Amino acid sequence: MAEFSITSPRRRVSHLAMLVVLGAAPMAVAPALAGERDSAVTADGAWAATAASGQTAETLPTVTVEGERAPANNQQRSTGLDRLPQSIQDTPQSVQVVNQQTLRQQGITTLDQALRNIPGITTAIGEGGTMNGDQFRIRGFDSMNDIYTDGLRDFGVYTRDTFNTESVEVFLGSSAQSFGRGNFGGSINQTTKVPVLDDFITLRGELGLGPHLRTTGDANYQIGDTTALRLNVMYTDQETVGRDGPESKRWGIAPSIGFGLGTDTSLTVAYIHQEDNRVPDYGIPVVLAPGPASAAPPRWIARTGTAPSSITTTRWPIS
C-alpha cells in the first residue's frame, strides 16, 4: 500500500498530460478538414480545388499497361461435351486438360504426345502383333474405344494428328454414366477448332534432322455479324533419325463454318479429312523361314538363346 501512495501522484500527472494532448488534436485537424471541404471531385475522378482555396486542378498523365493476358483457368472452362454442360470445376470427376497454349509451347503434333502430360496413361505401340496406332490404357484399363472427338466416339486405330485440335480433355475414372458401358479407366476427348468472330491467318513450319518436315495453316474469316469460316490444313513428311526406310507421310484438311456465333443459339458445321501413309517401324521383327512375322522371338529361341541362320533379325538396315 505504501508503494501505491508514492506512485499515485505521478500517474495523475501523466493522465492529465494525455488529456491536454487529446484536447488539442481536434483543433489541429479542423483546418485540414476545412481545406478538404473546399475541394471537389471532377467527373473523371480527379480532385479539383475550388476557387476559395486559391489552388488549380492538376491532371495526371494517362498510364497505359501492355502485356499478354494470363492463361485461362482450366477449371472454369467447359468440358467440351454437351452431355456435361457444366464447368470442369463443377463436374464430379477428375478431369485433366491439355489446352491450346500447352500444345503450342511443346510443339505437339499427335494425340499420343499430348497425353504424355497426363499421369496414369500408357501407350501401346504395336507390340505382340497388335494394330499400329493410338492404343491407350488409362489406369491399366484398355481405352482403345474410349476416344471421342467433340463428344462423338472416334473409332479406329490410327495416329490422330492435332492440327485441328483446340484442347484435349481426359476424364479419369469410370465414366459409364456419361460415355456408356464398358468405360472403366476413363475417356479421352478432343475438342476441335471452331470458327470465331475474328480475322486471322496463322502459318507454322517445322524442320528436323530426320528430316522432319511439317507445315500447318489456320485461317479464320468473319463473313457476318454472327457468321465465320475457318480452315485448318496440315502436311507432314517424317522419317526416323539415323535410319533408312521408315516413313510417315500425313496430310489433312478441316474446314468449318459457324452460324449464330456469340448468341444463345449457334450452329457449327465441320468436316475433317486426314490421310496417313505410314510404314510401321516399332521394334525389330523376327521373320521365320516360311514367311510369317512375329514381333517376339519364338519360344524355342528365347529358351535356347540361339537362332538358325534362316532367321533374319532386321527388316530395315541401320545406316
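Every letter in the sequence shown is one number past the one before it in this note's numbering, and letter 310, counting from 1, is 840.
Glycine included, each C-beta is placed from N, C-alpha and C at the ideal position.
Predicted model only: the values in this text are computed from it and were never measured.
Judged by beta-carbon spacing, G715 lies within the 8 Å limit of G670, meaning their Cβ atoms are closer than that value. The C-beta separation of T692 from L645 comes to about 11 Å, leaving the pair out of contact by the 8 Å criterion. Between the alpha carbons of E588 and T594 lies a distance of about 19 Å. Going by beta carbons, N603 and N629 fall outside the 8 Å limit. In the three-state reduction of the DSSP assignment, A587 falls in the coil class, being assigned neither a helical nor a strand state. In the three-state reduction of the DSSP assignment, L791 falls in the coil class. Only exposed fits T586, as fewer than 16 other CB atoms lie within 10 angstroms of its CB.
Residue range 742-752 is occupied by the beta strand (DSSP E) that includes R744. F671 sits in a strand when the DSSP states are folded into three classes.
Residue pairing by DSSP puts A654 in a beta bridge opposite Q665. Classified as exposed, T793 has fewer than 16 neighbouring CB atoms from the shown chains inside 10 Å of its CB. Per DSSP, R607 lies in no beta strand (DSSP E) and is assigned neither H nor E.
Nearest Cα to V809 within the set I618, T770, G686, Y801: T770. Apart from sequence neighbours up to five positions away, the residues of its chain that approach P741 with a beta-carbon distance below 7 Å are E769, ordered along the chain.
Taking one beta carbon from each stretch, the segment 668-688 and the segment 738-752 have fewer than 3 pairs nearer than 8 Å; the two do not touch. About 5 Å separates the Cβ atoms of S717 and F709, confirming a contact at the 8 Å cut-off. Under a 10 Å Cβ-count criterion, P725 is classified as buried, with 16 or more other Cβ atoms of the shown protein chains found around its own Cβ. Going by DSSP, L761 is part of the beta strand (DSSP E) stretching over 758-769. Between the alpha carbons of D728 and T745 lies a distance of about 23 Å.
Here the alpha carbons of L611 and N694 stand approximately 17 Å from one another. Per DSSP, the continuous beta strand (DSSP E) segment holding L733 begins and ends at 730-736.
For F701, the secondary structure class from DSSP, reduced to helix, strand or coil, is strand. 8 Å or more divides the Cβ of F789 from the Cβ of T766. Going by DSSP, R808 is part of no alpha helix (DSSP H) but of the beta strand (DSSP E) stretching over 803-808. A straight line joining the alpha-carbon of D676 with that of T592 spans about 55 Å.
Secondary structure note for T639: it is in no alpha helix (DSSP H), with a DSSP letter that is neither H nor E.
Judged by their CB atoms, T722 and D664 are not nearer to each other than the 8 Å cut-off.
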